[in-house]
Amino acid sequence: MVLHLRKLCVGVDRLEDLKAWQKRRLAVPGAHLWHATRNWPRRQQEILDGGGSLYWIIRGQMAARQRVLGFEAAPRENPEDPDEKPLCRILLDADLVPTEPWPHRPFQGWRYLTPGEAPPDIVSHGAEGGLPPDLTAELKARGLW
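For the sequence shown, counting from 1, position 144 maps to 143 in numbering that gives the first Met the number 0; every step adds exactly one.
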């Protein structure tokens, strides 16, 4: 079974902001995309074996996903403290895939996400694109989509 993660994208107002931030990070030679978190997923292997993704929640909407490539220990915040647990880096694929905007309440940390709870990817419809994600979310909220 595929297993995913979901995470709030704090400090980002739009998907374009996240794209721009990641593009700047990848512009540094040898850079990789990752997100550091305090808690390690216990079900790492299920995420990796099934090709799981990290679903980003931006301003109350699941907006995009990135495939999880792996997990690694990040340097501790205070190297002088031998009792401090190392942070977990969630290694991410550079491909940021927009999803249909699904409403989501705020929470701390990350949560597991099953395929049935995950929004579908937005399918591009050629040069005209589709509706903007904000408009799609509004239509769904009003029961018109």
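All residues carry an ideal CB built from backbone N, CA and C; glycine is no exception.
Item	Value
Segment contact, 8 Å Cβ cut-off, at least three pairs: the stretch 57 to 73 with the stretch 91 to 111	yes
At least 3 beta-carbon pairs within less than 8 Å: the stretch 12 to 25 vs the stretch 49 to 64	yes
Three-state secondary structure assigned by DSSP to E76	coil
Per-residue burial, R42 [other beta carbons within 10 Å of its own, 16 or more giving buried]	exposed
Length at least 3, wholly inside the stretch 52 to 98: the beta strand (DSSP E) runs in chain order	52 to 57, 60 to 73 and 86 to 91
Beta-carbon proximity check, D120 vs E99, cutoff 9 Å	yes
Beta carbon of I89 nearer than 9 Å to that of F106	no
Residue nearest to G33 in terms of C-alpha spacing, selected from C87, A26 and P40	It is worth fixing the name first, because residue 33 is Trp in this sequence and not Gly. Comparing Cα positions, the closest option is C87.
Spatial distance of R24 from R75 (CA atoms)	21 Å
Contiguous alpha helix (DSSP H) assignments of at least 4 residues, all confined to the stretch 8 to 47	14 to 25
Supposed close pair R5, L112 - CB separation, criterion 8 Å	5 Å
Cβ separation of W101 and P114, assumed to be a contact under 8 Å, to the nearest whole Å	No, W101 and P114 are not in contact; Cβ-Cβ is about 13 Å, not under 8 Å.
Buried or exposed by the 16-neighbour rule on C-beta atoms within 10 Å, applied to P40	buried
V1 to A72 span [Cα, whole Å]	23 Å
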